[in-house]
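Each residue of the sequence shown is one higher than the one before, counting from 1100 in our numbering. Structure, as structure tokens:
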Amino acid sequence: MNNDIFTGRLVRLSAEEPETYAENFSRWWQDSEYGRLLDMAPARLFSPKRTKEWLEKELEKDPPPVRMFGIRTLEGDNLIGFVDLSGMTPHGDAFVGIGVGEREYWGRGYGSEAMSLVLRFAFTELGLHRVSLMVFGYNLRAIRAYKKAGFKHEGRMREMIWRNNERTDALLMGVLGEEWLAQFGGAPEGK
Ligand SMILES: CC(C)(COP(=O)(O)OP(=O)(O)OC[C@H]1O[C@@H](n2cnc3c(N)ncnc32)[C@H](O)[C@@H]1OP(=O)(O)O)[C@@H](O)C(=O)NCCC(=O)NCCS
């Protein structure tokens, strides 16, 4: 029996107040590279007030359409990003989204561990069958992080993305609960 399923070696998944998410989301989106890695919509900016209003509405819904977690470092307890599960279907699938907004933490293992923690939650608490995601072909760091966390490449939407006057494919990736449990034995990658 796991004691604390929300804590890894580098990070823990946290619950944050809408104000805290809003202030940080708004600041992270100021970095247009972050937004353009994360989202298909044209780069955009959000004020903290509008972000808070949107989040409060989402979180009020019952059941909430998005299960949102903050990502906090164990060392220093800094909020560095978010990870969420959304679009849960009656077939046991959900989409995962993740963003490490504090770019000094990119490429240091924090994102893949947060992803592993949310997969553990998805498979061992929610009983989901699979978790899916979409990633842009130019986001090599994310693709590598997802493979480390157990995702497999499942599909490709050719030339789906237009950025910097170039067309890029969008990749579909997925992981099955039984595969993940066989690979990691119920413990997040690295733990
Ligand atoms: C994607 C994201 C969550 C990954 O988290 P992370 O903490 O940066 O990733 P990790 O350090 O756990 O893993 C990244 C891996 O990619 C490697 N990597 C880093 N930059 C790379 C690059 N340019 N090309 C290829 N691999 C790269 C790292 O070396 C590491 O692999 P390794 O452990 O085998 O050495 C985070 O970078 C992020 O949020 N970026 C901005 C927003 C974003 O892209 N969101 C995802 C949208 S789908």
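For every residue, glycine included, the Cβ atom is placed at its ideal position computed from N, Cα and C. In this text the structure is predicted, and so the values were computed from the model without any measurement.
Checklist line | Selected residue, minimal CA-CA separation from D1138, among E1278, A1281, R1243 and V1234 | finding: By 1-based counting over the sequence shown, the position of residue 1138 is 39. That would be V1234, whose Cα lies nearest to the Cα of D1138.
Notebook entry, point to check: With DSSP run on the structure shown, which of helix, strand or coil describes G1254?
Noted result: Taking the sequence shown and counting its residues from 1, the one referred to as residue 1254 is at position 155. Looking at G1254 - three-state DSSP - the assignment turns out to be strand.
Margin query: Counting C-beta neighbours from all protein chains within 10 Å, is the total for E1159 16 or more, i.e. buried, or is it exposed?
Written below: The count along the sequence shown starts at 1 and reaches residue 1159 at position 60. Classification for E1159: exposed.
Margin query: Assuming A1241 and L1136 are in contact, meaning their beta carbons sit under 8 Å apart, how far apart are those beta carbons, in whole angstroms?
Written below: Numbered from its first residue, the sequence shown carries residue 1241 at position 142. Numbered from its first residue, the sequence shown carries residue 1136 at position 37. Correct: roughly 7 Å between the Cβ atoms.
Notebook entry, point to check: What separation, rounded to the nearest whole angstrom, lies between the Cα atoms of W1279 and A1193?
Noted result: Here residue 1279 is taken as the residue at index 180 of the sequence shown, counted from 1. Here residue 1193 is taken as the residue at index 94 of the sequence shown, counted from 1. Approximately 15 Å, taken between the alpha carbons.
Next item on the list: Measure the Cβ-Cβ separation of E1253 and L1271 and say whether it is below 8 Å.
Entry: Position 154 of the sequence shown, counted from the start, is the residue given in the question as residue 1253. Position 172 of the sequence shown, counted from the start, is the residue given in the question as residue 1271. Result yes, Cβ atoms of E1253 and L1271 sit closer than 8 Å.
Check: Along the chain, which unbroken stretches of the beta strand (DSSP E) at least 3 residues long are found entirely within the stretch 1137-1184?
Finding: 1165-1172
Notebook entry, point to check: Can you give the Cα-Cα distance for N1177 and R1171, rounded to whole angstroms?
Noted result: Position 78 of the sequence shown, counting from 1, holds the residue named residue 1177. Position 72 of the sequence shown, counting from 1, holds the residue named residue 1171. Answer to the nearest angstrom: the Cα atoms are 5 Å apart.
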